[in-house]
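For the sequence shown, counting from 1, position 246 maps to 246 in the UniProt record's numbering; every step adds exactly one. Structure first, then comments.
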Amino acid sequence: MNHRPPAKQLRGFKMTKYAIKEEQHDQVLQVFMETAQTYRRLSTAHRRTSIVDEFVKDQRMGVVAVNSLLHQKALDIKQQNVNWASYKQMHMITQDDYQFLTSYEQATNAEARTKLLSTEQARQQCAKTLCSLVANISKDQTVQYLLILIDDMLEESPDRVDLFRDYTRKHKESVYAPFLDLLGRQDGFIANMAARIIAKIACNGRLRMEDPDLSKYLIWLRNQLKLPNNEYVQSAARCLQMMLRIDDYRKPFDAVNGINTIVEVLRVGQLNFQMQYQCTFCLWVLAFNGPLCARMSQMNIVPVLADLLTQSQKEKVTRIVLATLRNFLEKPEEPSIVRENSINMIQCKVLKNLVNLQQNPREDPDVAEDITYLVEKLQILEQDMSSFDEYVNEIKTGRLEWSPVHSSEKFWRENAEKLNEKNYELLKMLISLLESEDPLIVTVAAHDLGEYVRHYPRGKQVIEKLNGKHRVMQLLSHGDPNVRYEALLCSRSSWSTTGSISADRLRTNSKTSRKEPAEVNSPSTQSVLIEPKI
C-alpha cells in the first residue's frame with residue numbers, strides 16, 4: 001500500500017459539524033498518514049508497516065470512535081453554541097475577535113476554512129483571538145469549545161501550528177504557555193484537550209518544544225499514567241505516543257523518570273489491551289535510540305515484556321511486544337548488553353513462547369519475521385550459555401526459582417567467589433531479594449547465601465559487612481515455613497558455633513522440606529531445630 005497519496009487527494013473531504021462520514025474514513029486515514037511524517041519515516045525504515053497501520057488506525061479512532069470518551073464529550077460540547085455576541089457586549093472580546101469567530105464557524109468545509117485563513121492578516125487575527133481567549137476566559141464550557149475548535153483546526157491541517165508559532169514568537173511569548181496553564185484545571189476534558197493540542201504543536205512545524213515547557217509537559221503526561229482511576233489515561237498515552245516518535249523528546253522523557261513509570265504501570269497495573277499496546281508502543285519507539293536502549297536494558301524491562309507476550313490475547317499487543325524485544329537485540333551498540341538482553345529473554349521463557357508462536361501461521365509478515373529473527377538469535381546464544389550466565393540473570397531479573405544450579409555443589413565450588421566481582425554487585429542484589437514479597441524468591445535467596453558462605457572462606461565476614469546477617473535472622477520468624485527453614489540453614493552455615501544438629505545434616509533434608517514445608521512446623525522437627533547461638 002502506498003502511504004504517500006498526492007496532496008490534492010487529501011483536500012476537500014467533507015465533515016459534518018460533529019463527525020466524519022463513514023464513507024470518508026479512508027480519506028481520513030490518508031490524512032493521518034500524510035501528517036505523521038516523522039513516524040512514517042521511522043517505521044518505513046524498519047519495515048514495520050503493520051505497526052504504522054495500527055498507530056494510524058488508533059489515531060483515526062481517537063476522532064471517530066463512539067467509545068472515545070474525549071470524542072464523545074467533544075460531540076456534546078459542539079452542540080452547545082457559544083453566544084459570542086454576549087461576550088462582545090460585555091467587552092470580553094473585541095469586534096475583531098467576534099468577526100473572526102463568527103466567520104470561522106460559518107465556514108462549513110475545509111476549503112472555506114482554508115480560504116478564510118489564506119491572508120497573513122487573517123492568520124494573525126486567528127492566533128491572537130484564540131490564544132487570548134484560551135488564556136483569559138475562565139468559564140469551563142467556553143474554554144472547552146475553544147479547545148475543540150483549535151484541535152479540529154490543527155487536525156484538519158497540521159501546518160497551521162506555524163500560525164500560532166509565528167504569532168507568539170512575534171510577541172515574544174511561548175506558544176505553549178496558554179495550554180500548559182490549562183493542564184492544572186480541575187476539568188479533565190480541558191486538561192486533556194490542552195495536552196492533545198500541545199502534542200500536535202510539539203510534533204509538527206519547524207521547531208521543537210524545549211525546556212522548561214517540555215519538562216513540565218512530560219512530567220504531566222507521566223503523572224497521568226499512574227493517576228488512579230484516570231478516565232482519560234488513554235488520551236494521555238496517545239499524546240506520549242506522538243511525542244516519543246520524535247528522538248529529540250526521548251531522552252528528556254527518561255530524564256523525568258518517564259521510562260521507569262511506563263515499566264511500573266505495565267508491571268503492576270491491571271491494564272486493558274489498548275493500554276498495554278500504547279505503553280509498549282512507547283517503549284518500542286524509545287528503544288530506537290541506541291544509547292537509550294542500552295540504558296533501558298538495565299531497567300528490568302524484558303521480564304515485563306515476556307509476561308505481556310505470555311498473557312497477550314490480542315495480535316496488536318503481540319506484534320508490538322515482539323518488535324520491542326527485537327529492538328533490544330538490535331539497537332544497543334555494546335555486544336555485552338545484547339548478550340545480557342538475550343540471556344534475560346531466555347531466562348524469562350521468551351524463546352519457549354516464540355517456538356510455540358511459530359507453530360501457528362502468521363498473516364502479518366512483520367510478526368513472522370520478528371519471531372524468526374528472535375528465535376534464531378536466542379537459539380544461538382542458548383547453546384553458548386553457561387550455568388553462571390543463567391544464575392546471574394536470575395538475580396538481575398529478581399526471578400529466583402529452584403533451577404538446577406542452586407543445588408549443584410560443582411556450581412558453587414566454581415562460582416561462589418564470582419559473587420564478589422564489581423564490589424559485590426551480585427551479592428548485594430541477592431541480599432536485597434530477601435525483602436521480596438514472593439516467598440519462593442526469599443527462600444531461594446536465603447539458600448544461596450548459605451551456599452556462598454559455605455563455599456567462600458570469607459563469606460561470613462562479607463555477609464555481615466553487607467548487613468545480610470540481620471536480614472537472614474529476621475526471616476527466622478517469617479510466615480512461610482520454607483523461608484524459615486532456609487533461613488535457619490543459612491544461619492547455621494554462617495554464624496552457628498554449637499547446636500544439636502549440623503548444618504550439613506539439616507541440608508540433607510532440604511529437598512524434602514521444599515516439597516513438604518509443613519514438616520518444618522511439626523513437633524518432632526521443632527525439637528531438633530534448636531535456635532542457633534549468635
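For each residue, glycine too, the CB sits at the ideal point set by N, CA and C.
Exercise. Which first and last residues belong to the alpha helix (DSSP H) in which HIS71 is found?
Worked result: As a working note, residue 71 is residue 71 in the sequence shown. HIS71 -> alpha helix (DSSP H) spans 69 to 78.
Problem set entry | alpha helix (DSSP H) runs wholly inside the region 154 to 230, at least 4 long, in chain order | 161 to 170, 177 to 182, 188 to 203, 213 to 225
Exercise. By DSSP, does VAL82 sit in helix, in strand, or in coil?
Worked result: Numbered from 1 along the sequence shown, position 82 holds the residue referred to as residue 82. Looking at VAL82 - three-state DSSP - the assignment turns out to be coil, as it is neither helix nor strand.
Problem set entry | Alpha carbon of residue 545 to alpha carbon of VAL302, nearest angstrom | Residue 545 cannot be examined here, being either before or after the span of the chain that is shown, 1 to 534.
Exercise. Per DSSP, what kind of secondary structure is ARG41 in: helix, strand or coil?
Worked result: Translated into the one-based positions of the sequence shown, residue 41 becomes position 41. Below a pLDDT of 50, predicted positions are generally treated as unreliable, and ARG41, at 42, falls in that range; the measurement from the model is reported next regardless. The answer is helix: DSSP assigns ARG41 an H, G or I state.
Exercise. Taking Cβ to Cβ, would you say THR280 is nearer than 9 Å to THR310?
Worked result: On the sequence shown, position 280 is the one that residue 280 refers to. On the sequence shown, position 310 is the one that residue 310 refers to. Cβ atoms of THR280 and THR310: not closer than 9 Å.
Problem set entry | Exposed unless 16 or more other CB atoms sit within 10 angstroms - verdict on THR497 | Here residue 497 refers to the residue found at position 497 when the sequence shown is read from its first residue. Because the pLDDT of THR497 is 45, which lies under 50, any placement of that residue in the model is unreliable, and the question is left without a value.
Problem set entry | Integer Cβ distance of PHE100 from CYS131, believed to fall under 8 Å | Against the sequence shown, residue 100 aligns to sequence position 100. Against the sequence shown, residue 131 aligns to sequence position 131. The pair is not a contact, with the Cβ atoms about 12 Å apart (cut-off 8 Å).
For this session: Put ASP448 into one of helix, strand or coil per three-state DSSP.
Result: Sequence index remark: in the sequence shown, residue 448 carries index 448 (1-based). Three-state DSSP puts ASP448 in a helix.
Exercise. Taking the continuous alpha helix (DSSP H) assigned at THR397, which residues delimit it?
Worked result: Indexing the sequence shown from 1 puts residue 397 at position 397. Start and end: 387 to 397.
Problem set entry | Classification of VAL355 by the beta-carbon crowding that lies within 10 angstroms, buried from 16 upward | For the purposes of this step, residue 355 is taken as the residue at position 355 of the sequence shown. Label assigned to VAL355: exposed.
Exercise. Where does GLN144 fall in DSSP's three states?
Worked result: If you number the sequence shown from 1, residue 144 lands on position 144. Note: GLN144 maps to helix in three-state DSSP.
Exercise. Any idea what DSSP makes of GLU369, helix, strand or coil?
Worked result: Along the sequence shown, one-based indexing puts residue 369 at 369. Residue state, collapsed to three classes: helix.
Problem set entry | Coil, strand or helix - ASN420 by DSSP | Position 420 of the sequence shown, counting from 1, holds the residue named residue 420. ASN420 carries a helical assignment under DSSP once its states are collapsed to helix, strand and coil.
Problem set entry | Segment limits, alpha helix (DSSP H) that includes ASN341 | Your numbering for residue 341 matches position 341 in the sequence shown. Note, ASN341: alpha helix (DSSP H), 335 to 347.
For this session: Would you give the residue range spanned by the alpha helix (DSSP H) that ARG326 belongs to?
Result: Residue numbering aside, residue 326 sits at position 326 when the sequence shown is read from its first letter. Element bounds for ARG326: 315 to 330.
Problem set entry | Residues of its chain near LYS377, where Cβ-Cβ distance is below 8 Å and the 5 sequence neighbours each way are ignored | On the sequence shown, position 377 is the one that residue 377 refers to. Contacts found: LEU329, SER342.
Exercise. Taking the alpha helix (DSSP H) that LYS410 falls in, what are its first and last residues?
Worked result: Within the sequence shown, residue 410 is the residue found at index 410, counting from 1. Note, LYS410: alpha helix (DSSP H), 409 to 415.
For this session: Report yes or no: do the region 435 to 446 and the region 482 to 492 share at least 3 C-beta pairs separated by less than 8 Å?
Result: yes
For this session: Mind listing, in chain order, the continuous beta strand (DSSP E) runs of no fewer than 3 residues lying wholly within the region 246 to 287?
Result: none
For this session: Below 8 Å CB to CB, which residues in the same chain sit around SER103 once its five sequence neighbours on both sides are set aside?
Result: The residue you call residue 103 lines up with position 103 of the sequence shown. The residues are LEU116.
For this session: State yes or no: is the C-beta of ILE259 within less than 9 Å of the C-beta of LEU322?
Result: Translated into positions along the sequence shown, residue 259 becomes position 259. Translated into positions along the sequence shown, residue 322 becomes position 322. Going by C-beta atoms, ILE259 is not nearer than 9 Å to LEU322.
Exercise. According to the neighbour-count rule (16 or more other Cβ atoms, all chains shown, within 10 Å of its Cβ), is GLN461 buried or exposed?
Worked result: Position 461 of the sequence shown, counted from the first residue, corresponds to residue 461. Looking at its Cβ environment, which holds fewer than 16 other Cβ atoms inside 10 Å, GLN461 is exposed.
Exercise. Buried or exposed: TRP84, going by 16 or more other Cβ atoms within 10 Å of its Cβ?
Worked result: Within the sequence shown, the letter at position 84 stands for residue 84. In this structure TRP84 is buried. Its beta-carbon is surrounded by 16 or more other beta-carbon atoms within 10 angstroms.
Exercise. Which residue from LEU434, ASP211, ASP438, TYR456 puts its Cα closest to that of VAL468?
Worked result: Within the sequence shown, numbered from 1, the residue matching residue 468 stands at position 468. A small correction: the amino acid at residue 468 is Gly; Val does not occupy that position in the sequence shown. Out of LEU434, ASP211, ASP438, TYR456, LEU434 has the C-alpha closest to the C-alpha of GLY468.
Problem set entry | Best match in GLN347, TRP402, ARG267, ASP366 for proximity to LEU381 [C-alpha to C-alpha] | Taking the sequence shown and counting its residues from 1, the one referred to as residue 381 is at position 381. That would be GLN347, whose Cα lies nearest to the Cα of LEU381.
For this session: Just tell me which of GLN121, ALA191, GLY459 has its CA closest to the CA of LEU146.
Result: The residue labelled residue 146 in the question sits at position 146 within the sequence shown. Among GLN121, ALA191, GLY459, the Cα nearest to that of LEU146 belongs to ALA191.
Exercise. Cα separation between GLN72 and SER157?
Worked result: On the sequence shown, position 72 is the one that residue 72 refers to. On the sequence shown, position 157 is the one that residue 157 refers to. The straight-line gap from Cα to Cα measures roughly 22 Å.
For this session: Could you check what DSSP says for GLN125 in three-state terms: helix, strand or coil?
Result: Start at 1 with the first residue of the sequence shown, and residue 125 comes out as number 125. Helix.
Problem set entry | Own chain partners of ARG196 with C-beta closer than 7 Å, once the 5 adjacent residues on each side are dropped | The count along the sequence shown starts at 1 and reaches residue 196 at position 196. Setting aside the 5 residues that flank it on each side, ARG196 is surrounded in the same chain by ASP151, SER235, CYS239, each with a C-beta closer than 7 Å to its C-beta; the list follows chain order.
Problem set entry | DSSP-derived helix/strand/coil call for ARG362 | Here residue 362 refers to the residue found at position 362 when the sequence shown is read from its first residue. Of the three classes helix, strand and coil, the one that applies to ARG362 here is coil, per DSSP.
For this session: Determine the direct distance from the alpha carbon of ILE395 to that of LYS465, and round the result to whole angstroms.
Result: Numbered from 1 along the sequence shown, position 465 holds the residue referred to as residue 465. Numbered from 1 along the sequence shown, position 395 holds the residue referred to as residue 395. Between the C-alpha atoms of LYS465 and ILE395 there is a straight-line separation of about 20 Å.
For this session: Have a look at PHE273, PRO335, MET299 and flag the residue whose alpha-carbon is nearest the alpha-carbon of ARG319.
Result: The sequence position of residue 319 within the sequence shown is 319, counting from 1. Minimum Cα distance to ARG319 is reached at PHE273.
Problem set entry | Rounded C-alpha distance that separates ASP211 from PRO291 | Here residue 211 corresponds to residue number 211 of the sequence shown, with the count starting at 1. Here residue 291 corresponds to residue number 291 of the sequence shown, with the count starting at 1. Distance between the alpha carbons of ASP211 and PRO291 is about 21 Å.
Exercise. Can you list, in chain order, the residues of its chain whose CB lies under 8 Å from that of LEU419, leaving out five sequence neighbours each side?
Worked result: Along the sequence shown, read from residue 1 onward, the residue named residue 419 stands at position 419. In the same chain as LEU419, and ignoring 5 residues on each side of it, the C-beta atoms closer than 8 Å to its own belong to LEU426, LEU427, LEU430, TYR452, TYR456, in chain order.
Exercise. How long is the line joining the alpha carbons of PRO404 and ARG267, rounded to whole angstroms?
Worked result: Taking the first residue of the sequence shown as 1, we reach residue 404 at position 404. Taking the first residue of the sequence shown as 1, we reach residue 267 at position 267. Those two C-alpha atoms are separated by around 27 Å.
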